[in-house]
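Numbering (our numbering), first residue to last: 1286 to 1414.
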């Protein structure tokens, strides 16, 4: 099975599930509040060393995964690789929103300063005449 991932140049390419990493994983926009994991019970052929197990991508709800989902999967023998953590997405999103709000507030302050300067100049010109 193949998946689309981001490359360093920003392009998209198809790779196998084993080559997907958290850095190049493309999370669907409507699933950013969920955990995306690659899960597998690893099995190999003892004679040839060939991989017998097949990994798969599984999506979990945030509350389930954090409370007992991850623990239960590991207890059952699964290897769990987290490809998308919604906590990191929320943190980055909050930082971006805060930066936008700071920039907007600074722009409003600057506009107010310009308006006050213009008003003072008008008053000075009126007094000068």
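Ideal Cβ positions, reconstructed from N, Cα and C, are used throughout, including at glycine.
{"query": "By the three-class DSSP mapping on this structure, what secondary structure does residue 1373 have?", "result": "helix"}
{"query": "Would the beta-carbon of residue 1322 fall within 7 Å of that of residue 1367?", "result": "yes"}
{"query": "Use the C-beta contact count for residue 1356: other C-beta atoms within 10 angstroms, 16 or more gives buried, fewer gives exposed.", "result": "exposed"}
{"query": "Give me, in chain order, the residues of the same chain whose beta-carbon lies closer than 6 Å to that of residue 1320; leave out the 5 immediate sequence neighbours on both sides.", "result": "1345, 1350"}
{"query": "Kindly indicate which three-state DSSP category residue 1362 falls into: helix, strand or coil?", "result": "coil"}
{"query": "Helix, strand or coil, according to DSSP, for residue 1406 in the structure here?", "result": "helix"}
{"query": "Secondary structure at residue 1346, three-state DSSP: helix, strand or coil?", "result": "strand"}
{"query": "Assign residue 1305 to buried or exposed, taking buried as 16 or more other Cβ atoms, counted over all protein chains shown, within 10 Å of its Cβ.", "result": "buried"}
{"query": "CB residue 1363 to CB residue 1324, shorter than 7 Å?", "result": "yes"}
{"query": "Helix, strand or coil: which one does DSSP assign to residue 1301?", "result": "strand"}
{"query": "For residue 1371, does the count of other Cβ atoms within 10 angstroms reach 16, so buried, or fall short, so exposed?", "result": "buried"}
{"query": "Could you spell out the range, first to last residue, of the beta strand (DSSP E) harbouring residue 1322?", "result": "1319-1325"}
{"query": "So residue 1306 is in the beta strand (DSSP E); what residue range does that whole segment cover?", "result": "No beta strand (DSSP E) holds residue 1306; DSSP gives it neither H nor E."}
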